[in-house]
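Structure first, commentary second.
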Amino acid sequence: MKYKNIYLITDELREIKEVEDIVLKLKTDYTITPTIQKYTKIVEDISPSALYLLFLTDEDIKVFFQNNINKDINIAIISNDFCQNAIKNYGISKDMFEAIEDGLNSELLSKIDLLKCNEILAFNKITIGDMHGMNNFNTEKQSYLKQLKTFTTHIKNLKFKIYTITTSKEHKIQTAASGITILEHTNRNEKSALSDELSIHDGKLNVFVLAPTSLFSYLWYLISIFFYQKLSIIELPRSLGFIKSSKVSISSDTPIDFTVDENLVSSKEVIIEVIQDGINLHLGRNLASYVKNDTNKIEEKDTVKLNTLPKGEVNNILIGGKLPLFKKANDDDFKELFVSLRASAKFSYVFLTLMILSTLLATTGLFANSAPVIIGAMILAPLMSPIVSLSMGVIRADKFLLEQSIRTLSIGIFMALLFSCIFTIFIPLQQITPEMQSRLNPNLLDLMIAIFSGIAGAYANSKEDISKSLAGVAIAVALVPPLSVTGIGIGLGNFEVIYGSFLLFITNLVGITLSAALTFIVLGYSPVKRAKKGIFYTTIMMIFITIPLVFSFAQMIEKNNYINQLKPLKYISLLENNVELNIQDIQINNNITISIEVITNKTLNQNDFKMIKNKIEENLHQKVILNINTKIIVK
């Protein structure tokens, strides 16, 4: 397109020398003599062959745009020291003569959207409150030391205010927020906290709402802003809400202080809207890919991602100036989870049936020394549900949950002990199998398994979409097999079996209860103050249980050290024979008793056994008792 009429729009404050340079450039390079006009004059020439070159300040450019919205005139901006916002927003070259070249390049002409706030045009951004690092979308990168200083300052100065936000589709939400930023589009050539490109042609504005509901979520947001320095609309931090709409109104009970392109304004209500394809503008050459000349239809659907923002009671907590360490769950989460946990806490005949069947299955698997059968019993066992309900009862001091879950657990434990004991009495087997033996010496590792299982159980219960993971939790913690071993011990009258296996069960029970309770606190289902008493008593129980586990774990470490010391004795040369030693077990009481398997191709005599014992004692530097199982291989 070759423009026939060019109008140089300026003001009375502009230096005559600069205007003369522009006129000379147009005459010399384009053989066009422009008509000089004041920016306040009404535009009369609206023909496609006319171009309006704006040599104005930011505020005067806004006035010109405002006066000529939807007039279908062609506009270009000439860069100068007083229109920095326009230069950044539309990619205008900072070189005045390059800006003139772009203004006369028909390939850079594009219909663009305009952002209007309370009838005031904004080139790019409106900011309400403090976005804590997201205010400065287009600033140079700071040093890490300065970022750290700013990061620390933000942590101390977080303040909230209640806002009511309404979209063009009348979607309304009331939330406590620290700050709100509204953008029309982003320029990929400027440094930005966003990795996404926001279109200049879609007829939509973009609202970012900063409303952290816990100190942890706020810290993660600050880390993303100051150190990672990139946010994506697809995966925003939980502290940020997002709205994409053609119009948004924001109101509050008190006047709202906000900035429009860094100019401070105050109002009771802020109404922001987008005027799609409001003007025809020559963009800068760096934004050539943004050019779009066809008329778009505004997307009907708004995008609203506000589920993570505070609501209801949480708003009052934040307005009171207290940012909780952990987020507080919203009412919907409470309602759904409590209904589920109350149902899990109640005793039912389904629970009783599953408890009996899982006990019988586990007891059979223990006598058969079959791991797959025992795993099946773990999955079938229903004990995990009332334990998780008990955890919620502990942190919320909920009498119903506490009473019902304890009652259900007591019946379940009693039935497991009864049926495993009866099964043992009637079955003509009395041997303690390796599967039983493995559950007689619990230690700190078993407590860690219980703790991790409790965390997983509480988390899975609180998230409906991952509740299927509970089967894995049941397998990991193995609640019914230790109870079944206790029942076997009762049936056999073996106190050592009863003590060891029941200690493992109690370890699992208390470990799951405490860790699940703490997980529910982290997920926001109870304030720490309310949970303090229940957590205290559960922790005391945990301490008492941990004492024998520590001794057992220390013994396990000691055994492991002995095994490592005996590794060089894997093969021993005797007088007339070479033998292989496999250590099967080490018992540490008053004496060290080592059970070993000796593999040889000849029969060993008493002297050979004494030589093996002497070599082992030399390695361990102490006396031992050997239980030797000889295995002769004939080749």
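Using this note's numbering, the first residue of the sequence shown is number 18, and each one after it goes up by one. Note that CB positions come from ideal geometry on N, CA and C, so glycine has one too.
The DSSP assignment places 451-454 as complete runs of the alpha helix (DSSP H) inside the region 448-476, in order along the chain (cut-off: 4 residues). DSSP places T647 in the uninterrupted beta strand (DSSP E) bounded by 642-649. Its Cα nearest to that of T610, the residue I645 stands out among I645, N141, I505, D319. Taking every protein chain shown into account, the CB of N204 has 16 or more other CB atoms within 10 angstroms, so this residue is buried.
Listed in chain order, the non-local C-beta contacts of L637 below 8 angstroms within the same chain comprise Y579, Q582, L583, I609, local neighbours out to five positions each way being set aside.
Taking a cut-off of 8 angstroms on C-beta distances, the region 282-290 touches the region 129-138, as three or more cross pairs fall below it. Going by beta carbons, H202 and L211 fall outside the 8 angstroms limit. Across the set I505, L434, L426, the C-alpha of I505 shows the shortest separation from the C-alpha of Q447. Ranked by Cα distance from L521, the first of T536, S501, A533, I538 is S501.
No residue range can be given for T203, since it is assigned to no beta strand (DSSP E) and is classified by DSSP as neither H nor E. Take the alpha-carbon of K44 and the one of E187: they are about 54 angstroms apart. Between T524 and I562, the gap from beta carbon to beta carbon is short of 8 angstroms.
Looking at the backbone, the Cα of V224 and that of S262 are separated by about 8 angstroms. Given a length threshold of 4 residues, each whole run of the alpha helix (DSSP H) inside the region 545-588 is given here in chain order: 545-583.
At a Cβ-Cβ threshold of 8 angstroms, M372 and M432 count as neighbours. At a Cβ-Cβ threshold of 8 angstroms, I117 and K42 count as neighbours. V36 and V321 have their C-alpha atoms roughly 48 angstroms apart. Unbroken alpha helix (DSSP H) runs of no fewer than 4 residues, entirely contained in the region 398-437, are found at 401-413, following chain order. Residue pairing by DSSP places S284 opposite I273 in a beta bridge. Look at N223 here: in three-state DSSP terms it is strand. Taking 8 angstroms as the cut-off, the Cβ atoms of A548 and S408 do not count as close.
Between N595 and I603, the alpha-carbon positions lie close to 23 angstroms from each other. Comparing alpha-carbon positions, the option among Y542, G551, F384, F177 lying closest to V527 turns out to be G551.
In the structure shown, the three-state DSSP call for S212 is coil.
Around the CB of G295, 16 or more other CB atoms lie within 10 Å, so the residue is classed as buried. With contacts defined by Cβ atoms closer than 8 angstroms, K640 and L586 do not form a contacting pair.
For Y366, no beta strand (DSSP E) encloses it; the enclosing alpha helix (DSSP H) starts and ends at 366-384. Per DSSP, the beta bridge partners of F259 are F225, K322. Secondary structure of E61 (DSSP, three-state): coil.
The region 413-421 and the region 352-363 touch, with no fewer than 3 CB-CB distances between them shorter than 8 angstroms. DSSP, reduced to helix, strand and coil, places E252 outside both helices and strands of the structure shown, so it counts as coil.
The region 259-279 makes no contact with the region 229-242: fewer than 3 CB pairs, one atom from each, lie closer than 8 angstroms.
Looking at the DSSP output, G146 sits in a beta bridge with G196. T198 sits away from K189, with the two beta carbons spaced by 8 angstroms or more. Looking from the CA of N84, the closest CA among G301, L25, Y56, D62 belongs to Y56.
Membership of V40 in any beta strand (DSSP E) is not indicated; the residue belongs instead to the alpha helix (DSSP H) covering 33-47.
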